[in-house]
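Structure, rendered in structure tokens:
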């Protein structure tokens, strides 16, 4: 298969992520993309916090789920897609900050699965504190076997 120039790959990743309603709902954004890595983040909002005014663990889990698949997508060949197969998440410090940041990096690319690590930080007063770490297995699929992409503005079909 032909190698895809990274600039084209990154643009395609950004376009596909923009189609994710949950990404918009949470208010997350892609901050950085490079071959084998991705950084995504979300700003603090009251509706993303739990009862102690900390980021909810589900927000951390979402950033890891999306961040690791985005990082994996940066190393795909033409005609391939990715889906999360599993991840192990350790939450070890309260996620108290103005922003939650997930930095993911590919540890082991493969033809059937890609192993990705992720570190999650909170940012408060310009300083970062690590709050979580994860290891993910991302399945590599033939794009033709995946459901079709929805178009911008298209409502989910409710299969």
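In the numbering used here, the protein residues as written are 908 to 1066.
For every residue, glycine included, the Cβ atom is placed at its ideal position computed from N, Cα and C.
In this text, all values refer to a predicted model and were calculated from it rather than measured experimentally.
The alpha helix (DSSP H) enclosing residue i, as first and last residue numbers
i, result
"residue 953", "Where residue 953 is concerned, there is no enclosing alpha helix (DSSP H), given that its DSSP letter is neither H nor E."
"residue 965", "964–980"
Reduced DSSP category for residue i - H, G, I as helix; E, B as strand; rest coil
i, result
"residue 915", "helix"
"residue 910", "coil"
"residue 944", "strand"
"residue 985", "coil"
"residue 1011", "strand"
"residue 1051", "helix"
"residue 1002", "coil"
"residue 1032", "coil"
"residue 960", "coil"
Test: residue i CB closer than 9 angstroms to a CB of chain D
i, result
"residue 929", "This model lacks chain D altogether, as it is built from one protein chain only."
Straight-line gap, residue i to residue j (C-alpha atoms, nearest Å)
i, j, result
"residue 994", "residue 972", "8 angstroms"
"residue 982", "residue 951", "30 angstroms"
"residue 957", "residue 1018", "39 angstroms"
"residue 1046", "residue 955", "28 angstroms"
"residue 975", "residue 985", "19 angstroms"
"residue 1020", "residue 996", "18 angstroms"
"residue 940", "residue 965", "23 angstroms"
"residue 980", "residue 989", "6 angstroms"
"residue 998", "residue 1027", "9 angstroms"
"residue 915", "residue 923", "12 angstroms"
"residue 1034", "residue 1015", "30 angstroms"
"residue 1053", "residue 917", "20 angstroms"
First through last residue of the beta strand (DSSP E) which encompasses residue i
i, result
"residue 930", "Not the beta strand (DSSP E): residue 930 falls in the alpha helix (DSSP H), residues 928–933."
Nonlocal neighbours in the same chain, by C-beta distance under 7 angstroms from residue i, ignoring five residues either side
i, result
"residue 978", "943, 944, 945, 1011, 1012, 1013, 1023"
"residue 1002", "961, 962, 967, 1029, 1038"
"residue 936", "947, 948"
Beta-bridge pairing of residue i - partner residues as DSSP gives them
i, result
"residue 1020", "1046"
"residue 1026", "1010, 1040"
"residue 923", "Note: residue 923 sits in no beta bridge, so no partner."
"residue 990", "1046"
"residue 996", "1041"
Same chain only: Cβ atoms within 8 angstroms of residue i, ignoring 5 sequence neighbours per side
i, result
"residue 908", "Bear in mind that a pLDDT of 44 at residue 908, under 50, signals an unreliable position, so the number given afterwards is only what the model happens to contain. Answer for residue 908: 984, 985, 986, listed in chain order."
Neighbourhood of residue i by C-beta, 6 angstroms cutoff - its chain only, sequence neighbours within 5 removed
i, result
"residue 1006", "948, 950, 1030"
"residue 913", "942"
"residue 992", "1044, 1046"
"residue 1042", "995, 1024"
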